[in-house]
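S.K.: A single structure is presented below for examination.
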């Protein structure tokens, strides 16, 4: 067996959000990642591999290295590529802590934040409608299978927040030190866009603004990257739980 | 004026460590980054710009957009590219907290860690000889000018550590919880390689091993990325100071 033209066209189209949404499919690459999706509630659509001994209990199409490099989004393709179905969004049930992203653009940042939610036991991640798509291949790659364990919901963020009754906390450079902050029993923590931070409409809805103290003396120091800031704040919320 | 063949050859060669070390030069791209290096103790070698109104007080070569894209290491080149001299390593004087990296490979991770050291006031960053070069264009890009404020020293890590009398602390999955850990007045914290963690020779020299507690229930969760783990641990060391 090898790759048909239709398969080639379908798979490469899935690098774009428009076609992922149209076909309700997304790409996972590499043995470890695919294994995690196979062992989750995600449904497999098709599997392509250069080595027929991999995933023998699933039906797969054996393809050449050249074919794999044609369908892979990676610089160094990794023996196997799987197509999975995009599941229906689960019903959202807020737990003690929810993270929300206000237009996070970078796929690597979203992937890292999904992994952090998994590590720190945050079940729900809310994304504003302009946040990068969580089924983008680079996000799937960076999230290392954590996508199978964190529920991600795309919402109109300010409209959603207006209906909430739990405290809304935003992270911003000029907020109160997180060291002097006691996390409420239930809350939603919002992280902003890489360049612009929290948007004005969301800022207006915040009950509290927190920040990470800077210890370096130089004022020129850029703000922390949104993924590293999320790491520090999640750790602060959890250790005080 | 435009770009000579010799200049083109020199600049593109600087993407490789071998030629950076040979010429003792490295590349900085973008107005903001170059501004920070110009305002630091780093010495400018040459400046190339597509807009003659930028950095008028410095002598620069005006080049075309096409020429800039030839010499730029970025996908979307950014008006100006500067070549700076690699300074002599400063004499190392250990402060209260030093970070050391045991073969960190990814340029984005090193850049983020340099930025974190800057934020948390860590003056010295030690890198094992196999850690990615801090003058790699991707590291310079990711460190956002923090490279001008953090002293980076490449050393044979285990030999260096053997001579130390201050506590050596390593970060590892099966260490003691950092929440139960009190940072000594002076110490060195070592972060390991992305795939393999701390090397055996370094592990043998550790006085204490610390870890970041996982709150998620699933054991499948990958360990945290080295840059996000560094963020959390630096925050823990500093807030307890």
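Chains as they are written, first to last, in this note's numbering: chain A, 25 to 265; chain B, 25 to 265.
A virtual CB, placed ideally from N, CA and C, is assigned to each residue, including glycine.
Run through the region 30-90 of chain B for me and flag every whole beta strand (DSSP E) of 3 or more residues, listed as ranges in chain order.
M.R.: Counting whole runs of 3 or more residues, the region 30-90 of chain B contains the beta strand (DSSP E) stretches 49-53, 68-73.
S.K.: Quick check: the region 168-185 of chain B against the region 193-203 of chain B, are at least 3 beta-carbon pairs closer than 8 Å?
M.R.: Too few Cβ pairs lie closer than 8 Å, so no.
S.K.: Which residues in chain B sit within 9 Å of residue 74/A, going by Cβ to Cβ distance?
M.R.: What residue 74/A touches in chain B: nothing, since even the nearest Cβ is about 22 Å away.
S.K.: Which value, in whole angstroms, describes the spacing of the CA atoms of residue 107/B and residue 162/B?
M.R.: For residue 107/B and residue 162/B, the distance between alpha carbons rounds to 14 Å.
S.K.: With a threshold of 8 Å between beta carbons, is residue 144/B in contact with chain A?
M.R.: It does; some Cβ of chain A falls within 8 Å.
S.K.: Do the CB positions of residue 79/A and residue 71/A come within less than 8 Å of each other?
M.R.: Taking 8 Å as the Cβ cut-off, residue 79/A and residue 71/A qualify as a contacting pair.
S.K.: If you drop the 5 nearest sequence neighbours on each side, which residues of the same chain put their C-beta closer than 7 Å to that of residue 222/A?
M.R.: Counting only Cβ-Cβ distances below 7 Å, and skipping sequence neighbours, we find 126, 194, 196, 214, 216.
S.K.: List, in chain order, every chain B residue whose beta-carbon is nearer than 7 Å to that of residue 122/A.
M.R.: Residues of chain B passing the Cβ test: none, with the nearest at roughly 14 Å.
S.K.: Closest Cβ-Cβ distance between residue 267/A and chain B: below 8 Å?
M.R.: Absent from the structure is residue 267/A, since the part of chain A shown begins at 25 and ends at 265.
S.K.: Would you call the region 230-248 of chain B and the region 138-147 of chain A in contact, with 3 or more CB pairs under 8 Å?
M.R.: With a cut-off of 8 Å, the region 138-147 of chain A and the region 230-248 of chain B count as touching, because enough Cβ pairs lie within range.
S.K.: Counting pairs of Cβ atoms below 8 Å between the region 44-57 of chain A and the region 154-161 of chain A, do you hit three or more?
M.R.: With the cut-off at 8 Å, the region 44-57 of chain A and the region 154-161 of chain A touch.
S.K.: Using a Cβ-Cβ cutoff of less than 6 Å, which residues in the same chain neighbour residue 101/A once the five nearest sequence positions on both sides are dropped?
M.R.: Closer than 6 Å at Cβ, skipping near neighbours: 92, 93.
S.K.: How close, in whole Å, do the beta carbons of residue 207/B and residue 261/B come, if the pair is a contact with beta carbons under 8 Å?
M.R.: Indeed they touch by this definition, with Cβ atoms about 5 Å apart.
S.K.: Whole-angstrom Cβ separation of residue 218/B and residue 174/B, contact assumed at under 8 Å?
M.R.: Not confirmed; about 20 Å, so no contact.
S.K.: Should the region 145-160 of chain A be regarded as contacting the region 231-240 of chain A, the criterion being three or more beta carbon pairs within less than 8 Å?
M.R.: The answer is no - the region 231-240 of chain A does not touch the region 145-160 of chain A, with fewer than three Cβ pairs under 8 Å.
S.K.: Look at the Cβ atom of residue 26/A, then the Cβ atom of residue 83/A, and state whether they are nearer than 8 Å.
M.R.: The answer is no: Cβ separation not under 8 Å.
S.K.: Taking the alpha helix (DSSP H) that residue 141/A belongs to, which residues open and close that run?
M.R.: Segment 131-143, the alpha helix (DSSP H) holding residue 141/A.
S.K.: Give the DSSP-derived three-state secondary structure of residue 128/A in the structure shown.
M.R.: Residue state, collapsed to three classes: coil.
S.K.: Comparing the C-beta of residue 231/A with each C-beta of chain B, is any distance below 8 Å?
M.R.: So no, residue 231/A is outside the interface.
S.K.: Quick one: which chain B residues come within Cβ less than 8 Å of residue 242/A?
M.R.: Within chain B, the residues near residue 242/A are 142, 173.
S.K.: Measure from the alpha carbon of residue 230/B to the alpha carbon of each residue in 203/B, 186/B, 257/B, then state which is nearest.
M.R.: The shortest C-alpha separation from residue 230/B is found at 186/B.
S.K.: Skipping 5 residues on each side, what residues in its chain have a beta carbon closer than 7 Å to that of residue 105/A?
M.R.: Hits under 7 Å: 51, 53, 72, 92, 95, 96.
S.K.: How long is the line joining the alpha carbons of residue 135/A and residue 28/B, rounded to whole angstroms?
M.R.: Rounded to the nearest angstrom, the two C-alpha atoms are 42 Å apart.
S.K.: Would you report the Cα separation of residue 268/A and residue 114/B, rounded to the nearest angstrom?
M.R.: Given a span of 25 to 265 for chain A in the structure shown, any question on residue 268/A remains unanswerable.
S.K.: Taking 8 Å as the CB-CB limit, is residue 203/B close to chain A?
M.R.: Yes, contact with chain A.
S.K.: Please report the straight-line C-alpha distance between residue 128/B and residue 156/B, rounded to a whole angstrom.
M.R.: Whole-angstrom Cα-Cα distance: 6 Å.
S.K.: Can you pull the chain B residues whose beta carbon is under 7 Å from the beta carbon of residue 106/A, in chain order?
M.R.: Going along chain B, no residue has its Cβ under 7 Å from residue 106/A, so there is no contact; the nearest lies around 17 Å.
S.K.: Of the residues that make up the region 187-215 of chain A, which ones have a beta carbon closer than 8 Å to any beta carbon in chain B?
M.R.: Flagged, chain order: 203.
S.K.: Going along chain B in order, which residues have a C-beta closer than 7 Å to the C-beta of residue 252/A?
M.R.: Correct list: 136, 140, 251, 252, 255.
S.K.: So residue 169/B contacts chain A; which residues on that side make the cut at Cβ distance below 9 Å?
M.R.: Chain A residues near residue 169/B: 244, 245, 246.
S.K.: To the nearest whole angstrom, what separates the beta carbons of residue 124/A and residue 252/B, a pair I think is in contact under 8 Å?
M.R.: Rounded, the Cβ-Cβ distance is 19 Å, inconsistent with contact.
S.K.: Could you tell me which residues DSSP pairs with residue 195/B in its beta bridges?
M.R.: DSSP lists 234/B as partners of residue 195/B.
S.K.: Beta-carbon of residue 259/A versus every beta-carbon of chain B: anything under 8 Å?
M.R.: So yes, residue 259/A belongs to the interface.
S.K.: Would you list, in chain order, the members of the region 56-88 of chain B that have their beta-carbon closer than 7 Å to a beta-carbon of chain A?
M.R.: Under the 7 Å Cβ criterion, the region 56-88 of chain B contributes 60.
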